[in-house]
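Position 72 (the sequence shown) corresponds to 65 in our numbering; numbering is contiguous. We put the CB at the ideal spot given by N, CA and C, even for glycine. One structure is given below, encoded as structure tokens.
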Amino acid sequence: MAKHNYSCKIQENMAKAVGRDLDVSKKHAVEICSFLRGKPLERAKIILQEVTEKKQAVPFKRHKRDIPHRTKIGPGRFPVKASQRILKILESVTANAQNMGLATGKLEICHINAHQASRPARGGRQRGRTLKRTHVEVVVREALTKKTERSKAKTEKNEKEQKAEEKTAKPAVAPAAKTSTTAAKEGNKK
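Listed below in structure tokens is the structure:
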């Protein structure tokens, strides 16, 4: 069976945290993840705290049948339980980034995903009832400002041009032959 995880290799400027078998609805987790994807980590934490306090709603884009509309966002809800669990994962990824030596103030969420976990039967005598379980994975990276990205790209381009010029440049001219007077002086010294 195929595994669901971040397909790229985790680089030096990235940190990762995974929540396995969380007791939340997969549909709610998917909507929260799509809402937080690409946002700065500190802003995402503030958003989730506001959702748990029911001050800000999460817009539902995919699973939106029979969901009431909210002001300025369309269909939305306040998935409190899922927000609390995902907030714990965000705090965990912050701690992981700090252990790796990354600047925690500059982190942004580059990958966040929710997948269906195993669904074991509930305890008791009822039939056909299964537990809600979800896997959530978060990958963050240290965000570079646009100016630093541009300057980094320019320096790399300049280095490549210099290497290309060195390869195409003519080899250095051999040192000039010694003049007869300097050769004679050296011969007299011996």
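Taking C-beta to C-beta, are residue i and residue j nearer than 9 Å?
i      : j      : result
Ile105 : Val131 : yes
Ala8   : Leu137 : no
Ser18  : Thr127 : yes
Ala90  : Glu135 : yes
Ala110 : Arg122 : no
His56  : Lys20  : yes
Leu15  : Leu29  : no
Lys65  : Ser27  : no
Please report how far the alpha carbon of residue i lies from the alpha carbon of residue j, in whole angstroms.
i       : j      : result
Asn(-2) : Val11  : 9 Å
Arg112  : Ala50  : 28 Å
Ser85   : Lys48  : 24 Å
Ile60   : Met93  : 41 Å
Lys145  : Glu43  : 37 Å
Ile102  : Leu34  : 6 Å
Lys22   : His108 : The question names Lys, but residue 22 in the sequence shown is Ala. The alpha-carbon atoms of Ala22 and His108 are separated by roughly 9 Å.
Arg118  : Arg36  : 45 Å
Thr161  : Lys147 : 21 Å
Leu83   : Arg63  : 26 Å
Lys2    : Lys156 : 29 Å
Arg120  : Arg58  : 27 Å
Lys99   : Lys32  : 11 Å
Glu149  : Gln4   : 19 Å
Lys153  : Val129 : 41 Å
Ile39   : Arg13  : 23 Å
Please work out which residues of its chain come closer than 7 Å, Cβ to Cβ, to residue i, disregarding the five sequence neighbours upstream and downstream, and give them in chain order.
i      : result
Gln77  : Thr45
Ile25  : Val51, Pro72, Ala75, Ser76, Ile79
Thr97  : Thr87, Ala90, Gln91
Gly67  : Pro52
Asn151 : none
Arg70  : Ala50, Val51, Phe53, Ile60
Among residues of its own chain, excluding the 5 on either side of residue i, which ones have a beta-carbon nearer than 6 Å to its beta-carbon?
i    : result
Asn6 : Arg134, Glu135
DSSP three-state call for residue i: helix, strand or coil?
i      : result
Cys103 : strand
Leu95  : coil
Arg55  : coil
Arg70  : strand
Lys47  : coil
Arg115 : coil
Arg63  : strand
Lys2   : coil
His108 : strand
For residue i, which residues in the same chain have their Cβ closer than 8 Å to its Cβ, ignoring the five residues on either side in sequence?
i      : result
Leu124 : Asp16, Arg112, Pro113, Ala114, Arg115
Could you pull the DSSP bridge partners for residue i from this structure?
i     : result
Ala10 : Val131
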